[in-house]
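The next block holds one structure in the form of structure tokens; read it before the comments.
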Amino acid sequence: LSERRKVLIAYDSSSSGDYALQWAFDGLIQDGNDHVVLVTAVEQSQPLIRFNFNKGEDEIRTEIQKVTIQAVHETLASLFRKRDISCQSFILEGDARDVILEVADKTRADCIVMGARGLNAVHRAVLGSASLFITQEAQVPVVVVK
């Protein structure tokens, strides 16, 4: 009996993340043969100027984000289970690039599927492209769905 292929899907609930998920669901993942690893990175908001009297606001925002994403992950996992596809879910705080690579390594993913967010030139120069970084640094094949 062969081991199920592990497909890591980096999901951020953006339109490009939705499209990458749909693409993997429709065209890549095989019923009964694959294992999906859903990964979402939650980044704490980092305002340029932080005032101490609002200290708890970022933590509250991050927690709300995590709870919302958890509900989405649970819904997606049930859709995968209906197709006899096992699913694991990771919602971790941190930079998406680091989180995705860490989970890919930890779970021994066979490939990574992610959306291209379509950052403009300024954002790409300042923030860097997560998909570009991951395609360069990942130890497994990466599919960037655009």
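Take the sequence shown: its letter number 66 is residue 66 in full-length UniProt numbering, and every next letter is one higher.
For every residue, glycine included, the Cβ atom is placed at its ideal position computed from N, Cα and C.
Checklist entry - At what residues does the beta strand (DSSP E) containing I10 begin and finish? => result Residue identity differs from the one stated: residue 10 is Ala in this sequence, not Ile. Residues R5 to A10.
Item to check | Given V113 as reference, the closest of T62, V143 and Q30 once Cα atoms are compared | outcome: Out of T62, V143 and Q30, the CA that lies nearest to the CA of V113 is found in V143.
Item to check | With 16 other Cβ atoms within 10 Å as the buried cut-off, status of G115 | outcome: Residue environment analysis places G115 among the buried positions, since at least 16 neighbouring C-beta atoms fall within 10 angstroms of its C-beta.
Item to check | Complete runs of the alpha helix (DSSP H) confined to the segment 23-96 [at least 4 residues] | outcome: Along the segment 23-96, the alpha helix (DSSP H) occurs as fully enclosed runs of 4 or more residues at 55-82, listed in sequence order.
Checklist entry - Per DSSP, what kind of secondary structure is V140 in: helix, strand or coil? => result Looking at V140 - three-state DSSP - the assignment turns out to be coil, as it is neither helix nor strand.
Next on the checklist: Just to confirm, is the Cβ distance from V39 to I85 under 8 Å?
Outcome noted: Between V39 and I85, the C-beta spacing is not below 8 Å.
Next on the checklist: Assuming contact is defined by CB atoms lying nearer than 8 Å, are A130 and L8 in contact in what I supplied?
Outcome noted: With a cutoff of 8 Å on beta-carbon distance, A130 and L8 are scored as not near each other.
Item to check | Proximity of K66 and I91 at Cβ, strictly below 8 Å | outcome: Yes.
Checklist entry - Whose C-beta lies closer than 8 Å to the C-beta of F51 among residues of the same chain, with five residues either side of it excluded? => result In this predicted model, F51 has a pLDDT of only 49, less than 50, meaning its place in the structure is not dependable; the value taken from the coordinates is given anyway. Here the set comprises nothing.
Next on the checklist: Considering Cα atoms alone, identify which of D58, V42, R4 and T107 is closest to Q139.
Outcome noted: Restricting attention to D58, V42, R4 and T107, the CA atom closest to the CA of Q139 is found in T107.
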